[in-house]
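Same order as they appear, the protein sequences are chains X and G. First residue of the first sequence: 1, per the numbering used here; consecutive thereafter. First residue of the second sequence: 417, per the numbering used here; consecutive thereafter. Just so it is clear, CB atoms sit at the ideal spot from N, CA and C, and this is done for glycine as well. For clarity, every value in this text was computed on a predicted model and none was experimentally measured. To start, the structure under review is shown below, and the notes come after it.
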Amino acid sequence: MSFLVRLAFKNLFRHRLRTVVSIGAIAFSVMVVVFARGYVTGMVHSVTADHIQYNSGHIKIVQEEYYRQERLLPLNHSVDGLGEGGLDEMIGKLEELDGVNMVIPRLKFGAMVSTGDELLTLGGWGVNPELELAFTDIEDSLVEGRMIQPGRLEVVMGTKLLDKIDRRVGDKVTVVFNTAFNSLSGVTFEIVGRLKSGLKLLNEAVFLLPLDEAQRLLYMDDQVTELLLVTEDVGKIEEVLPKIKALLSEDGRYLALSYRETSDLIPFMDLAELIYNQVYFFLVVLACVIVVNTMIMIVAERTKEIGMMAALGLERRGIMELFLIEGGIMGVVGSLLGAMAGWLITSYFAEAGLDFTQAMAGIDADVPFNAIIYPSASLGNTVFAFLLGVVIVTLACLIPARRAANLEPTVAMRGA
Amino acid sequence: MALLELKGVTKVYQQGKIEVPALRGIDLTVEAGEFTTLFGPSGSGKTTLLNLVGCLDKPTGGTILFDGQDLAALSKKELAMIRREHIGFIFQSYNLIPVLTAYENVEFAIRLVNKHSDREIKDKVMGILAAVGLEGLENRRPNELSGGQKQRVAIARALVKEPKLVLADEPSANLDSKTSEEVLAVMAKMNRELGTTFIFSTHDPLVMDYARRLLEIRDGVITLDRRRDEAIVSH
Ligand SMILES: Nc1ncnc2c1ncn2[C@@H]1O[C@H](COP(=O)(O)OP(=O)(O)OP(=O)(O)O)[C@@H](O)[C@H]1O
Ligand SMILES: [Mg+2]
Chain X
1 MSFLVRLAFK NLFRHRLRTV VSIGAIAFSV MVVVFARGYV TGMVHSVTAD
51 HIQYNSGHIK IVQEEYYRQE RLLPLNHSVD GLGEGGLDEM IGKLEELDGV
101 NMVIPRLKFG AMVSTGDELL TLGGWGVNPE LELAFTDIED SLVEGRMIQP
151 GRLEVVMGTK LLDKIDRRVG DKVTVVFNTA FNSLSGVTFE IVGRLKSGLK
201 LLNEAVFLLP LDEAQRLLYM DDQVTELLLV TEDVGKIEEV LPKIKALLSE
251 DGRYLALSYR ETSDLIPFMD LAELIYNQVY FFLVVLACVI VVNTMIMIVA
301 ERTKEIGMMA ALGLERRGIM ELFLIEGGIM GVVGSLLGAM AGWLITSYFA
351 EAGLDFTQAM AGIDADVPFN AIIYPSASLG NTVFAFLLGV VIVTLACLIP
401 ARRAANLEPT VAMRGA
Chain G
417 MALLELKGVT KVYQQGKIEV PALRGIDLTV EAGEFTTLFG PSGSGKTTLL
467 NLVGCLDKPT GGTILFDGQD LAALSKKELA MIRREHIGFI FQSYNLIPVL
517 TAYENVEFAI RLVNKHSDRE IKDKVMGILA AVGLEGLENR RPNELSGGQK
567 QRVAIARALV KEPKLVLADE PSANLDSKTS EEVLAVMAKM NRELGTTFIF
617 STHDPLVMDY ARRLLEIRDG VITLDRRRDE AIVSH
């Protein structure tokens, strides 16, 4: 009955401040839901993306023995082909598999650089620059100079690392490392590029050099420490993995691991998302406490008026409707304002990012956790929070609405 | 057939463990078109009686026939339907909806009946507001009206659906004596013009002069029932 809708709407203007406070509470909670959800999603995306790009690819192939000692970066359990065939043949075979888009070889090794009065331990990554540029977003982090080129004694280093060793792009740096034959070797490189990243790993713990040079210097021709496979999309991993395992089984030394198996963080992130989803729910419920409390006050104040309506023949259902519409309007308006505000704030930080570099200073560089978090502003998320607000508020208003509907019509007759 | 027929009606309120007998055997017949005043001291049972004949509550004992229909047999929903279509209410404290205009307050009652077109509703509401003397004040909110005007809106609201019975519980208790008389005069006029049956309760002897039938109730029983041929007293 549109008359009830009109009346419910007008009722909202009886105590403007009260209505504004209720709507504000809903709006605030919905806004926080939009932002927090965008934030968590952004964080999960970033952790996942960094892990995939700089650690595991979609599927990582390493020697079983290497995987066990990975932190030590051993050179004697390398990926060097299947059986009698060489590395190139192995890469070729992998690339031919359905669903595999890219095979990225990396040769990781331990190294040291002198700052003048102490030695820094680092990771050296021999990489194929073209493939790295295609697969990772390292180009965004490359704030000065250029990427390394094959066949040259060049390195790219992080900003913090350069600070520590007091070098600039264009300077030379001497790196000391153990070769595959366990002989000590020192080589001087030219620094051609500088990285600046929220990832501690890129910023201070590793440097990049051309794969072919790394292989030559370490005496590891035709060998890498790992191969990263990129599939058409993450959903395809489970499909592709068995085929790869089958291919690798002819050799027996290798493991193929999906990115989920190699991350300690991602399972936690999934759990966090689940927990947060409940937190959002309770956050909105909390705002509802304010709304319901206000509505209960309203019902108490309007007892005689409700009795009058009942006396005039408005049925239980009509009275419930009246209050549900009244609460529903607050729910819609509040949720809409909150969703819009949340969207704006999230969009702003999605561009600007939230920088936690200071807070994360003490965290190990191995943890692939980006210190700059970019919340993800998605329409789905905003609509979700809006609907959550509307539905929960309207449902909560069932409490005062039932109270109103249960009033006896005789209350209308009670003395003034 | 009488509009109302009460036989041995009793009402006992339960207040915790104490039983409060509010009505103790009421026998009463009200014919259509009567203009009846119910008077008696505070606590005598006036409101209780109006609640029962107004289908707002059910008696503890006895029978009430409304237009020949036994109310005891009806569900809450059916009682609500009778109220909606056949009974108008006027309350002591006006009980208008403050956010609605005089027009909309009256419209509320007829919208509930839900069997008229928008055009008819408009005509009926405007007509009844003019009849109670509120022409030109249709768009005022209750807080922009005097006490007497508010009660006229309430009378219009009670009458707009052309009910068989209008019940008013101390309709003039909040008004000064001059305004009380005006309001009573409006009710009497509507009774004459539309033939609507009125029952109203009061404490006020002045107001009683308007009645054509006087009912006195004391301690839940009717102690006096007097009809007068010429009711309207001119001042
Ligand atoms: N809901 C109730 N619960 C318990 N007792 C009630 C209830 N309503 C009325 N009573 C009692 O019933 C008796 C009759 O009350 P009622 O309200 O009908 O009197 P009244 O004549 O309308 O009085 P007043 O002139 O003060 O309005 C009183 O003793 C009153 O205390
Ligand atoms: Mg009373």
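Cβ of residue i within 8 Å of any chain G Cβ
{"i": "Asn277 of chain X", "result": "no"}
{"i": "Cys288 of chain X", "result": "no"}
{"i": "Ala412 of chain X", "result": "yes"}
{"i": "Arg16 of chain X", "result": "no"}
{"i": "Leu379 of chain X", "result": "no"}
{"i": "Phe349 of chain X", "result": "no"}
{"i": "Leu7 of chain X", "result": "yes"}
{"i": "Phe384 of chain X", "result": "no"}
{"i": "Pro375 of chain X", "result": "no"}
{"i": "Met297 of chain X", "result": "no"}
{"i": "Pro409 of chain X", "result": "yes"}
{"i": "Phe3 of chain X", "result": "yes"}
{"i": "Asn406 of chain X", "result": "no"}
{"i": "Asn293 of chain X", "result": "no"}
{"i": "Phe13 of chain X", "result": "yes"}
Spatial neighbours of residue i in its chain, beta-carbon cut-off 6 Å, leaving aside the 5 residues before and after
{"i": "Thr464 of chain G", "result": "Lys427, Ala438 and Leu439"}
{"i": "Phe35 of chain X", "result": "Gly342, Ile345 and Thr346"}
{"i": "Leu4 of chain X", "result": "Glu321 and Leu322"}
{"i": "Gly38 of chain X", "result": "Thr346, Pro375, Ser376, Ala377 and Asn381"}
{"i": "Pro210 of chain X", "result": "Ile148 and Pro150"}
{"i": "Asn530 of chain G", "result": "none"}
{"i": "Ile325 of chain X", "result": "Val5 and Ala8"}
Near ligand 2: residue i beta-carbon under 7 Å from a heavy atom
{"i": "Lys462 of chain G", "result": "yes"}
{"i": "Asp585 of chain G", "result": "yes"}
Contact with chain X by residue i, beta-carbon distance below 8 Å
{"i": "Asp534 of chain G", "result": "no"}
{"i": "Val515 of chain G", "result": "yes"}
{"i": "Arg500 of chain G", "result": "yes"}
{"i": "Thr463 of chain G", "result": "yes"}
{"i": "Met497 of chain G", "result": "yes"}
{"i": "Lys493 of chain G", "result": "yes"}
{"i": "Asn511 of chain G", "result": "yes"}
{"i": "Phe507 of chain G", "result": "yes"}
{"i": "Leu631 of chain G", "result": "no"}
{"i": "Asn559 of chain G", "result": "no"}
{"i": "Ala525 of chain G", "result": "yes"}
{"i": "Leu528 of chain G", "result": "yes"}
Check: residue i C-beta below 7 Å from any heavy atom of ligand 1
{"i": "Ala438 of chain G", "result": "yes"}
{"i": "Gly456 of chain G", "result": "yes"}
{"i": "Tyr519 of chain G", "result": "no"}
{"i": "Asp478 of chain G", "result": "In the sequence on display, residue 478 of chain G carries Gly and not Asp. Because no heavy atom of ligand 1 lies under 7 Å away, the Cβ of Gly478 of chain G does not count as near it: no."}
{"i": "Gly432 of chain G", "result": "no"}
{"i": "Gly441 of chain G", "result": "no"}
{"i": "Gly459 of chain G", "result": "yes"}
{"i": "Tyr429 of chain G", "result": "yes"}
Close beta carbons around residue i, own chain, < 7 Å, minus the five adjacent residues each side
{"i": "Leu208 of chain X", "result": "Trp125, Val127, Ile148, Val155 and Val156"}
{"i": "Cys288 of chain X", "result": "Ile392, Val393 and Ala396"}
{"i": "Val411 of chain X", "result": "Thr303, Lys304 and Gly307"}
{"i": "Met417 of chain G", "result": "Gly484"}
{"i": "Asp171 of chain X", "result": "Ile191"}
{"i": "Lys245 of chain X", "result": "Ala256"}
Neighbourhood of residue i by C-beta, 8 Å cutoff - its chain only, sequence neighbours within 5 removed
{"i": "Leu87 of chain X", "result": "Val79, Asp80, Gly81, Pro105, Asp222, Gln223 and Val224"}
{"i": "Arg527 of chain G", "result": "Ile537"}
{"i": "Glu250 of chain X", "result": "Leu82 and Gly83"}
{"i": "Asp98 of chain X", "result": "Val240 and Lys243"}
Legend entry - Near-chain G residues of the segment 304-316 of chain X (beta-carbon distance less than 9 Å), N- to C-terminal order: From the segment 304-316 of chain X, only Lys304, Glu305, Gly307, Met308, Met309, Ala310, Ala311, Leu312, Gly313, Leu314, Glu315 and Arg316 have a Cβ closer than 9 Å to chain G.
Inset, instruction - Closer than 8 Å, Cβ to Cβ, to anything on chain G: give me those residues from the segment 347-371 of chain X, in chain order. - result: Residues passing the 8 Å Cβ filter: none.
Legend entry - Members of the segment 449-474 of chain G that neighbour chain X once the beta carbon cut-off is set at 8 Å: Thr463, Leu466, Asn467, Gly470, Leu472 and Asp473
Legend entry - Against chain X: residues of the segment 584-618 of chain G by CB proximity under 9 Å: Asp585, Glu586, Ala589 and Asn590
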